[in-house]
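Residue numbers (this note's numbering), protein chains in the order written: chain A, 4 to 144; chain B, -2 to 90.
Virtual Cβ for every residue (Gly too), placed ideally from N, Cα, C.
A short worksheet on the structure shown next.
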Amino acid sequence: MLQLGQIGDYSGSVAITVHAPDAITADHDAQVLTEAAARLDSEEARAAVLRLAGALAGTGVILVSPDESVSPRVAGEMLGVSRQLVDRMIKDGQLPATTKPGSAHQLVSVEDVRALAARRERGHAAVDDLIGGLLADGAEY
Amino acid sequence: MQRILPDTNVLLGIRELDVLVRCHSAEVLEVVWCDELLAEFERKLPDVWGFSPEKARDTVRRFTAAAPDGRITPTAFGGLIGEMATRLRPFMP
């Protein structure tokens, strides 16, 4: 979830993940972006941020920077899977996780989550290709 | 995660194959396969679904694309393959 003070950290590349079902987070982020837009001097930049905030509101989209880490819960939202499945992916080694010194809370890097999401997407596409191809070639369901 | 080495006749039932690969894709279970299994799959496809040899080969290629990390060898899983009452038995090490 974005905090107003973090906006400055988002001047570089920003990842937009569209699988998150958490509309409350999205609405919050949209509000933060709207407030941030008001601080911008450039009219062009202000319009761009407001467009982004408008697109974000109520959509379940979350904004994360590619070089940050997120909790397993947020990783699950990004992947569109349950927290339990994320925990299993971490346990199975599919998703690397770290803990901060002195903390038991796990963190996963956004880059790793995005890479996993891309692998999963390729897997789904390959399955569709296999089954769709069989049906197109005359196999009867 | 549970690993599944399907028999060839499972692959030849499109409903079963559909459920199996979608469960694999959703990471509910892990489908594994060996070269001998896919060779039999390819041999049977023309008889079962009337595929040309080219379509059969392409189907096998698409199957491996759907489970790209699932290749096992009979040496590593000889015991598991030995439990199968299929024509794979002659390929056992």
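Taking 8 Å as the cut-off, decide whether the C-beta atoms of residue i and residue j are in contact.
i        : j       : result
ALA107/A : VAL89/A : no
LEU9/B   : LYS41/B : yes
TYR144/A : ARG12/B : yes
PHE48/B  : THR56/B : yes
ARG54/B  : GLU33/B : no
LEU36/A  : LEU59/A : yes
ALA41/A  : ALA56/A : no
ASP131/A : ARG59/B : no
Let me make sure I understand the geometry here. Which of the options has the alpha-carbon closest to that of residue i?
i         : options                              : result
MET(-2)/B : ARG12/B, LEU9/B, HIS21/B and LEU8/B  : HIS21/B
ILE134/A  : PRO65/B, GLY47/B, ARG19/B and VAL7/B : ARG19/B
GLY96/A   : GLU46/A, ASP115/A and PRO104/A       : ASP115/A
ALA139/A  : TRP46/B, GLU37/B and ARG58/B         : TRP46/B
ALA129/A  : THR5/B, ASP15/B and LEU35/B          : ASP15/B
Closer than 6 Å by C-beta to residue i: which residues in its own chain qualify, once you throw out the five before and the five after it? Chain order, please.
i       : result
TRP30/B : GLY67
Listing by chain order, which chain B residues have their CB less than 7 Å from the CB of residue i?
i        : result
PRO142/A : The residue asked about is misnamed: residue 142/A is Ala in this sequence, not Pro. Result: ILE11 and TRP46.
Spatial neighbours of residue i within its chain, please: CB distance less than 8 Å, with the 5 preceding and 5 following residues excluded, ordered by chain position.
i        : result
GLU24/B  : MET(-2)
ARG86/A  : PRO75, ARG76 and GLY79
SER72/A  : THR101, LEU110, VAL111, SER112 and VAL113
ARG123/A : LEU82
VAL7/B   : GLU13, LEU14 and LEU17
Using a C-beta to C-beta distance shorter than 8 Å, which residues of chain A count as neighbours of residue i?
i       : result
VAL18/B : VAL130, LEU133 and ILE134
Can you find the residues in the same chain that come closer than 7 Å, C-beta to C-beta, to residue i, ignoring five residues on each side of it along the sequence?
i       : result
VAL28/B : ILE1, PRO3, LEU17, VAL18, HIS21, ALA64 and GLY67
ARG52/A : According to the sequence as given, residue 52/A is Val; it is not Arg. Same-chain partners within the cutoff: LEU36, ALA39, ALA40 and LEU43.
For residue i and residue j, which I take to be in contact (beta-carbon distance under 8 Å), what is that distance rounded to the nearest angstrom?
i       : j        : result
MET81/A : ALA120/A : 7 Å
GLU37/B : THR70/B  : Not quite, the Cβ-Cβ distance comes to about 16 Å (not below 8 Å), so this is no contact.
For a contact defined as C-beta to C-beta under 9 Å, what are the partners of residue i on chain A?
i       : result
ALA36/B : By Cβ distance, chain A contributes nothing, its closest Cβ being about 18 Å from ALA36/B, past 9 Å.
THR56/B : LEU133, GLY136, LEU137, ASP140 and ALA142
What in chain B is Cβ-close to residue i, meaning under 8 Å?
i        : result
HIS127/A : SER22
Just the chain A side, please: which residues come within less than 7 Å of residue i by C-beta, in chain order?
i       : result
LYS52/B : ASP140
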